[in-house]
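First the structure, in the form of structure tokens, and then the observations on it.
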Amino acid sequence: MNITFMIGNGFDLNIGLKTRYKDFILEYLKIDTKDDMLKKFKQDIDRNADLWSSAELAFGQYTNEFSCEKNEVETFANCHENFCVNLAEYLKKQE
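Counting from 1, one number per residue, gives the positions in the sequence shown under this note's numbering.
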């Protein structure tokens with residue numbers, strides 16, 4: 001097993017890992033879901049964004065879609081968790 005430390009500044013890309021935001025997001029959007037809120041979330045994702053900071057900004061902006069009702073906070077948390085779990089799985093495949 002090889003261990004790669006992600007240190008940024010393009011090192012991961014230079015060794016051939018598909019770790020760009022765009023690489024992940026295009027794969028993420030292909031994953032089918034029956035959850036209506038996840039479908040809406042995926043529709044709202046900017047497919048043309050290139051930077052990981054775009055995801056962080058999008059999550060911040062996406063909070064405007066929800067009220068403070070408990071079920072809506074949980075819905076947002078589910079969208080965020082789904083994104084993070086799929087990101088972790090995607091990055092594991094890049095090893």
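All C-beta atoms, glycine included, are put in the ideal place defined by N, C-alpha and C.
Computed from a predicted structure; not experimentally measured.
Query - 8 Å CB neighbourhood of aspartate 51 in its chain, flanking five on each side removed - result: In the sequence as presented, aspartate is not what sits at residue 51; that position holds leucine. Around leucine 51: Tyr21.
Query - Residue range of the unbroken alpha helix (DSSP H) whose run includes aspartate 44 - result: 36 to 44
Query raised in the report: Applying the criterion that 16 or more other CB atoms from any shown protein chain within 10 Å of the CB defines a buried residue, is isoleucine 3 buried or exposed?
Result: exposed
**Report entry** Same chain, Cβ closer than 7 Å to alanine 55, neighbours up to 5 away in sequence not counted
**Finding:** Tyr21
Query raised in the report: Which residue spans inside the region 43 to 67 form an unbroken alpha helix (DSSP H) run of at least 4?
Result: 52 to 62
Requested in this report: Please confirm whether glutamine 94 and leucine 26 have their CB atoms less than 7 Å apart.
Outcome: no
Query raised in the report: Would you say phenylalanine 41 and cysteine 79 are within 7 Å of each other, going by their C-beta atoms?
Result: yes
Query raised in the report: If you run the structure through DSSP and keep just helix, strand and coil, what is aspartate 12?
Result: helix
Report task. Could you check the C-alpha separation between phenylalanine 24 and glycine 10 for me, to the nearest Å? Result -> 16 Å
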